[in-house]
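Just below is one structure, and these are the notes that go with it.
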Amino acid sequence: MIFRQLFDSESSTYTYLVGDEATRQAVLIDPVLAQADRDLRLVAELDLTLTHVFDTHVHADHVTASGVLRERTQATVVGGVGGAACANVQVRHGDEVRVGQLVFQVLATPGHTDDSVSYLLGDRVFTGDALLVRGNGRTDFQNGNASQLYDSLTRVLFRLPDETRVYPAHDYHGHLVTSIGEEKRHNPRVAGKSREEFIHIMENLHLPRPRLMDAAVPANRACGLTVPPPQG
1 MIFRQLFDSE SSTYTYLVGD EATRQAVLID PVLAQADRDL RLVAELDLTL THVFDTHVHA
61 DHVTASGVLR ERTQATVVGG VGGAACANVQ VRHGDEVRVG QLVFQVLATP GHTDDSVSYL
121 LGDRVFTGDA LLVRGNGRTD FQNGNASQLY DSLTRVLFRL PDETRVYPAH DYHGHLVTSI
181 GEEKRHNPRV AGKSREEFIH IMENLHLPRP RLMDAAVPAN RACGLTVPPP QG
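Residue numbers (the UniProt record's numbering): 1 to 232.
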């Protein structure tokens with residue numbers, strides 16, 4: 001398997017390029033519009049064919065490159081049910097998506113947003129904003145629900161083997177990867193916490209509104225192809 005972890009410094013977003021060595025087919029997970037040229041250049045340099053683009057959810061802090069990448073490569077855009085209607089395939093829990101000989105299992109992990117999904121590939125899982133390194137996505141907009149996220153973390157992701165490597169959509173503290181076992185033991189929001197304690201934590205974060213939210217969410221529901229003009 002070919003694997004590259006890419007970073008957008010403006011939004012602290014990780015994009016993952018995963019390729020099948022046998023067929024040379026590849027997928028980009030959570031691509032950022034501003035980095036589309038960089039990502040396609042790397043695909044070409046590695047002699048890969050981009051056949052799929054996965055979004056883990058409708059992001060609020062950057063515009064997805066999924067629509068542009070589809071226009072330029074004919075790739076299939078995949079997202080969760082209830083998210084971007086423009087996706088070619090809307091997946092549910094238990095679905096499988098094949099990229100060459102690689103088989104991704106879809107895990108429904110709502111709570112950060114109602115359309116959030118994670119993609120499990122062997123011993124690694126791409127968790128979007130559901131599970132971060134020593135953290136998790138906020139739950140105060142886009143139909144977020146702290147109780148639902150608690151279930152996604154404890155009943156879905158934390159039931160994976162401890163050694164499963166976790167690759168999140170964002171990190172703000174310089175971490176690249178974690179594991180299910182690490183987060184079960186050390187994640188300060190959920191490790192050893194009851195549902196009520198987790199909900200209390202999430203209701204008292206008092207985070208600022210994402211700067212690009214008003215533009216990013218509508219654009220991402222259109223696969224990044226319709227970007228509203230700036231306000232003010």
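Built from N, CA and C at the ideal position, the CB exists for glycine as well. A quick note: this is a predicted structure, and the numbers were derived from the prediction, not measured.
Straight-line Cα distance separating D47 from Y150 | Each residue's alpha carbon lies about 41 Å from the other.
What's the C-alpha gap between T49 and Q25?
-> Taking the straight line joining both Cα atoms gives about 5 Å.
From L205 to L28, what distance separates their C-alpha atoms?
-> 31 Å
Is T154 helix, strand or coil by DSSP?
-> helix
Contact between the region 74-93 and the region 103-117 (3+ Cβ pairs under 8 Å) | yes
Over the uninterrupted beta strand (DSSP E) stretch that includes T49, give me the two end residues.
-> T49 to F54
Between the region 124-137 and the region 182-191, do at least 3 Cβ pairs fall closer than 8 Å?
-> yes
Beta carbon of Q35 nearer than 8 Å to that of A84 | no
Can you tell which of V156, Y172, S152 and G128 has the C-alpha that lies nearest to the C-alpha of H57?
-> G128
For the ligand ADP, is there a heavy atom less than 7 Å away from the beta-carbon of E197?
-> In the structure on display, the ligand ADP does not appear, and there are no ligands present to speak of.
What separation, rounded to the nearest whole angstrom, lies between the Cα atoms of G181 and D95?
-> Cα-Cα distance, rounded: 25 Å.
Residue span of the beta strand (DSSP E) that contains L121, given as start and end | V117 to L121
Under 8 Å between C-beta atoms of R72 and L33 = The criterion of a C-beta distance shorter than 8 Å is not satisfied by R72 and L33.
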